[in-house]
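Take a look at the structure below.
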Amino acid sequence: MAINKIVDSFEEAIADIRDGATIMIGYFGHAGDAPCWLIRALAEKGTKNLTIISNMPGWGRTLIPAFREMVKGLIRNPSWWDDAGLLVENGQVRKAVVSWASGMSPAHVNDFEKRYQAGEVELEMVPQGTLAERIRAGKAGIPAFYVPTGAGTVVEEGKEVRVFNGRRHILEHALTADFALIHAHKADRWGNLVYQGTSRTFNATMAGAAKVTIAEVDEIVELGELDPEAVVTPNIYVDRVVARPLEELRKW
Amino acid sequence: MAINKIVDSFEEAIADIRDGATIMIGYFGHAGDAPCWLIRALAEKGTKNLTIISNMPGWGRTLIPAFREMVKGLIRNPSWWDDAGLLVENGQVRKAVVSWASGMSPAHVNDFEKRYQAGEVELEMVPQGTLAERIRAGKAGIPAFYVPTGAGTVVEEGKEVRVFNGRRHILEHALTADFALIHAHKADRWGNLVYQGTSRTFNATMAGAAKVTIAEVDEIVELGELDPEAVVTPNIYVDRVVARPLEELRKW
Amino acid sequence: MVDKYRMDEQTMALRVAREFQDGMVVNLGVGIGTQCMNYVPEGREVVFQSENGALGLGPIVSSPDEADINLLNAGGQPASPMKGMCFFSHDESFVMIRGRHIDMVVLGGMEVSEKGDLANWALPGRGLGNIGGSMDLALGAKSVVVVMTHTTKSGKPKILKKCSLPLTAPECVDIIVTDIAFIRITDKGLVLEEIVPGWTVEEVQAVTEPRLIVSPDLKEVTL
Amino acid sequence: MVDKYRMDEQTMALRVAREFQDGMVVNLGVGIGTQCMNYVPEGREVVFQSENGALGLGPIVSSPDEADINLLNAGGQPASPMKGMCFFSHDESFVMIRGRHIDMVVLGGMEVSEKGDLANWALPGRGLGNIGGSMDLALGAKSVVVVMTHTTKSGKPKILKKCSLPLTAPECVDIIVTDIAFIRITDKGLVLEEIVPGWTVEEVQAVTEPRLIVSPDLKEVTL
Chain A
1 MAINKIVDSF EEAIADIRDG ATIMIGYFGH AGDAPCWLIR ALAEKGTKNL
51 TIISNMPGWG RTLIPAFREM VKGLIRNPSW WDDAGLLVEN GQVRKAVVSW
101 ASGMSPAHVN DFEKRYQAGE VELEMVPQGT LAERIRAGKA GIPAFYVPTG
151 AGTVVEEGKE VRVFNGRRHI LEHALTADFA LIHAHKADRW GNLVYQGTSR
201 TFNATMAGAA KVTIAEVDEI VELGELDPEA VVTPNIYVDR VVARPLEELR
251 KW
Chain B
1001 MAINKIVDSF EEAIADIRDG ATIMIGYFGH AGDAPCWLIR ALAEKGTKNL
1051 TIISNMPGWG RTLIPAFREM VKGLIRNPSW WDDAGLLVEN GQVRKAVVSW
1101 ASGMSPAHVN DFEKRYQAGE VELEMVPQGT LAERIRAGKA GIPAFYVPTG
1151 AGTVVEEGKE VRVFNGRRHI LEHALTADFA LIHAHKADRW GNLVYQGTSR
1201 TFNATMAGAA KVTIAEVDEI VELGELDPEA VVTPNIYVDR VVARPLEELR
1251 KW
Chain C
2001 MVDKYRMDEQ TMALRVAREF QDGMVVNLGV GIGTQCMNYV PEGREVVFQS
2051 ENGALGLGPI VSSPDEADIN LLNAGGQPAS PMKGMCFFSH DESFVMIRGR
2101 HIDMVVLGGM EVSEKGDLAN WALPGRGLGN IGGSMDLALG AKSVVVVMTH
2151 TTKSGKPKIL KKCSLPLTAP ECVDIIVTDI AFIRITDKGL VLEEIVPGWT
2201 VEEVQAVTEP RLIVSPDLKE VTL
Chain D
3001 MVDKYRMDEQ TMALRVAREF QDGMVVNLGV GIGTQCMNYV PEGREVVFQS
3051 ENGALGLGPI VSSPDEADIN LLNAGGQPAS PMKGMCFFSH DESFVMIRGR
3101 HIDMVVLGGM EVSEKGDLAN WALPGRGLGN IGGSMDLALG AKSVVVVMTH
3151 TTKSGKPKIL KKCSLPLTAP ECVDIIVTDI AFIRITDKGL VLEEIVPGWT
3201 VEEVQAVTEP RLIVSPDLKE VTL
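Quick mapping for you: the protein sequence lines, in order, are chains A, B, C and D.
Position 165 (the first sequence) corresponds to 165 in our numbering; numbering is contiguous.
Each number in our numbering corresponds to the 1-based position in the second sequence with 1000 added.
Each number in our numbering corresponds to the 1-based position in the third sequence with 2000 added.
Each number in our numbering corresponds to the 1-based position in the fourth sequence with 3000 added.
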């Protein structure tokens, strides 16, 4: 009768994520942009053997407290901050496709690195711009493209090299996934999304790049309330929308 | 002292466009999205041997009156509507890279087609999505990419074919230009742009894809007046901004 | 045959629109396609994608006084604003199309082959034409509906064993709606599912080059 | 040598910021880079691009009370809102970077070769590390400034004939600002243009592996 992508709970939103799934998780690396509740629901569900595609495998609860402490003179980070590191620490991740594998400094070792050194997890390192572009290509029906990024470095290894305009380029392939977990600020029942400030990051890039895109939002508004000129993620890219608990957002 | 991309006149905005230049002209094909004043200024300047990259070589003054008549029961089109057809009719265009070469129906023959049949102009036909993506690639530092579009058709001729996921794809190359002439609704002195409704089309795609991007706008506003969450074209892609004469907009 | 009923454009648009399911995202090609905007079946919510950069435009306005030159569908017709609509650039529009995010597209056709090859862009004998978004739409949409007259003005079949005109895309068409029939293209061939009142299967076959498989559920076109 | 003056991070950031010309778009890498945000020379307007999706962020805030978790630079530091700022997604951010729209980038470095090769991402001996946006920035920006200590903690040169660590990008660095020198990389080699007070050319050369060309205009670093 009417399009309604709103789902009532985080459990329901991720109920069909199965062991072995490939999951995009949208964030750059801070509290403002991570789909924290969806990540916690997935941790609770305990789904195993996940491949995650994300800017980083996450600070996790190993490093978030240290990060919080490091920047506390500048910014207070919310109590509900979690990232994909929680899934890594839970032993749910088999492989990570990321641009930033380690902690925020050589001295900060995340759980992913420990597991990597122990041979428990696989790692595919991708330059950040190439990662973003491979995800967009997955969304755009472009199977592969050439970039100069990584030419003449270890990133080139095993890849096709080709010279355009006298410069080395490497062939990079599209990334897609079974699910994309993203965070936005507001949504309507069609799945149109708006963000706040610097929280678009990989969220807006991943929306639509997976078979199922699930958006965790601060607020769901009536259809027509979002300014059509200011919608960042068009509804076509979003399959499910779930709202954060208002009382927890308020508390913070 | 301060960044100021505002230029006082259309003549000044296009003063450095030279004979033989490659020019992107942003529009889909209607009155709402064309940079009409920039096109007229270029017609007046008389620059020759232009290669234009645009969705279409334009209805021109040959067909705009017919178009106007055809749709008059539905919509009144503004008196100031012009498109790249004016440059074609003026004999300024040597080659067009377009997705839509002819008139709006087989019965409507534009000036470009007449010149094409007479061997006076060159034509490169590109599927519309590939045209948009080649322009974006030019802006994005991606020299080439594979698409399924056009595989198994005449578009494939002379191009590298490659199978990805069991499906034929063809290699397409980035497009760049010396100048991009685009139309937006509002701009600030940094060059941030917003549009109205369905007028983003190739305007927003071409912004930043040429060495110099010139935006013709309905209104220039103070820095800070545009909602930062609703800016469509970030200032980095825009080099010059020039305002339409308010009295002519009002008259319409 | 001259006297037999054939659906006009509006009627074909009405029949095509019955294919729109609740919640679908549909792109309407220039021509008969955009007319479907006004015929969404009662009780269904359909989101229209216009390749010129909009999702969720409403029906075509009924008078120039309501028209906005910045609220046009791909055919250049002024549409009504709708709650939930949004706008985007041309590159983003074709990310949606090429990336298989569109559920259904309605395209015009000059020729369709029995394998579902579509030819709809070239101007025969003029060496050019209008590809526009047709190639991207034909291969990008999850389901492709072609709406066209069953025969040319001179009465020649447009559904052929092999297309003679330059292709838009090979093996892309799922459904053909003509002025006399509704045909589904399957792995087994062309299945005639509906026929316009007054026409016999033999008469439809006579103006169709490849052999038609008659559906066991063959019925008259209902609107 | 232990007693000689070396610029601290803040002072290096101040020196780097002098390179920002009026109207430039500058990206500041994580680390010393982001500190440059607060030192734009008086009278110049510079637009900062943060790869996490912003153009035009202002200086880092001075207290958590002014901080907004959705207004961060790439280093995660809270920035002030500015008139003219705008936001975008990660793919768009790297269209800007890879597409050569950024005038200058300031990156940290572990090693720089005399040809301008940069190594700044791998964690030696750990088999992984943080590429982040460094590879895109190093080859995408029109001008690349590397800011780093001149030597490792154990006193070994970081400016080398050939990098020993995995590269970020080959032949990409234009300027090296260290805690004791300002060096420009030219076709002819490394040109020593500025030196920190108290150091001689010979002393700087002693901690630099490739031969330095002394600029005829060699001067002391001024801030």
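Built from N, CA and C at the ideal position, the CB exists for glycine as well.
Residue-level contact to chain C via CB, residue i, 7 Å cutoff
i, result
"Val-1088/B", "no"
"Ala-140/A", "yes"
"Lys-1048/B", "no"
Residue i: contacting residues in chain B (beta-carbon distance under 9 Å)
i, result
"Leu-2227/C", "Because chain C in this structure spans residues 2001 to 2223, residue 2227/C falls outside the shown range and cannot be described."
"Phe-3088/D", "Val-1231, Pro-1234"
Chain D within 7 Å of residue i, Cβ atoms only
i, result
"Gly-1224/B", "yes"
"Ile-1017/B", "no"
"Ile-1170/B", "no"
"Trp-1190/B", "yes"
"Ile-1214/B", "no"
Per-residue contacts from residue i into chain B (C-beta, under 7 Å)
i, result
"Cys-3172/D", "Ordered by position in chain B, no residue passes the 7 Å Cβ test against Cys-3172/D, which lies about 14 Å from the chain."
"Val-194/A", "Glu-1229"
Beta-carbon contacts of residue i that lie in its chain and below 6 Å, excluding the five residues immediately before and after
i, result
"Asn-1004/B", "Arg-1189"
"Asp-239/A", "Val-212, Thr-213"
"Asn-77/A", "Ala-31, Arg-68"
"Glu-2051/C", "Ala-2074, Ser-2093, Gly-2133"
"Gln-3021/D", "none"
Host alpha helix (DSSP H) of residue i (start-end)
i, result
"Ile-3213/D", "Where Ile-3213/D is concerned, there is no enclosing alpha helix (DSSP H), although the beta strand (DSSP E) it sits in stretches over 3212 to 3220."
"Met-2096/C", "2090 to 2098"
"Gln-3205/D", "3201 to 3206"
"Arg-1068/B", "1060 to 1070"
"Val-88/A", "85 to 89"
"Ala-1140/B", "1128 to 1140"
"Arg-1040/B", "1036 to 1045"
"Arg-115/A", "111 to 117"
For residue i, the three-state DSSP class (helix, strand or coil)
i, result
"Phe-1010/B", "helix"
"Ala-3017/D", "helix"
"Ser-235/A", "One point to set straight first is that residue 235/A is Asn, not Ser, in the sequence displayed. Reduced to three states, the DSSP call for Asn-235/A is helix."
"Asp-3068/D", "coil"
"Ser-3063/D", "coil"
"Thr-3186/D", "strand"
"Phe-179/A", "strand"
"Lys-1211/B", "strand"
"Ser-1054/B", "coil"
Beta-carbon proximity list for residue i, same chain, < 8 Å, skipping 5 on both sides
i, result
"Ala-1151/B", "Val-1161, Arg-1167, Arg-1168, His-1169, Ile-1170"
"Met-3135/D", "Trp-3121, Thr-3168, Ala-3169"
"Ala-2141/C", "Asn-2027, Ile-2097, Arg-2100, Ile-2102, Asp-2103, Met-2104, Val-2105"
Cross-chain neighbours of residue i in chain A, by beta carbon under 8 Å
i, result
"Tyr-1146/B", "Ile-142, Pro-143, Ala-144, Phe-145"
Partner residues on chain C for residue i, Cβ-Cβ distance less than 8 Å
i, result
"Asn-203/A", "The premise fails here: Asn-203/A is roughly 16 Å from chain C at the closest Cβ pair, so nothing lies under 8 Å."
Residue i - containing beta strand (DSSP E), residue span
i, result
"Phe-1145/B", "1144 to 1147"
"Gly-3189/D", "3189 to 3195"
"Ser-3050/D", "3047 to 3050"
"Ile-2176/C", "2175 to 2177"
Cutoff 7 Å; reference residue i; Cβ partners in own chain excluding five residues on either side
i, result
"Val-1232/B", "Leu-1193, Val-1194, Tyr-1195, Arg-1200, Ala-1204"
"Met-3012/D", "Ile-3032, Val-3147, Val-3177, Asp-3179"
"Lys-159/A", "Ile-170, Leu-171"
Residue i beta carbon near the ligand FAD (any heavy atom closer than 6 Å)
i, result
"Ser-3062/D", "Among the ligands in the structure shown, none appear at all, so the ligand FAD cannot be discussed."
Interface residues of chain A facing residue i [CB-CB closer than 9 Å]
i, result
"Asn-3027/D", "What Asn-3027/D touches in chain A: nothing, since even the nearest Cβ is about 12 Å away."
"Asn-1165/B", "Pro-143"
CB contact check: residue i to chain A, cutoff 7 Å
i, result
"Leu-3071/D", "yes"
"Ala-2017/C", "no"
"Arg-3100/D", "no"
"Phe-3048/D", "no"
"Met-2096/C", "yes"
"Phe-2020/C", "no"
Test: residue i CB closer than 7 Å to a CB of chain B
i, result
"Glu-3042/D", "no"
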